[in-house]
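Written out below as structure tokens is the structure these notes cover.
Numbering (this note's numbering), first residue to last: 452 to 549.
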């Protein structure tokens, strides 16, 4: 019997590629529609166009990171378990932000 972690891994393995394909098709369709001459003058169309572009730009990194983490057990976005390294990283980021 599969435990919950294995079920979630299998769902990610099979659903994420479908999500990437359908998301790409949907966002490109929206971009194609909202760049038509009749819709370019509407402010609402501009908002939908920007939303589709941002959604397309966020689709790939998030899904690819999940696929890499799921298939190869490499967590790209994880932080170090060493407290000293995390504090050093936080200080470095704070210095750049200020």
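Idealized CB from N, CA, C, for every residue including glycine. Bear in mind the structure is a predicted one, so any value in this text is a computation, not a measurement.
Could you tell me if residue i is buried or exposed, where buried requires 16 or more neighbouring beta carbons within 10 angstroms of its beta carbon?
{"i": "residue 485", "result": "buried"}
{"i": "residue 493", "result": "exposed"}
{"i": "residue 503", "result": "buried"}
Can you check which of these residues, the options, is closest to residue i by C-alpha distance?
{"i": "residue 523", "options": "455, 454, 453, 463", "result": "463"}
{"i": "residue 474", "options": "495, 508, 456", "result": "508"}
{"i": "residue 520", "options": "453, 454, 461, 455", "result": "461"}
{"i": "residue 510", "options": "467, 459, 455", "result": "467"}
{"i": "residue 517", "options": "482, 499, 470", "result": "470"}
Cβ contact (3+ pairs, closer than 8 Å) linking the stretch 471-489 and the stretch 498-515 | yes
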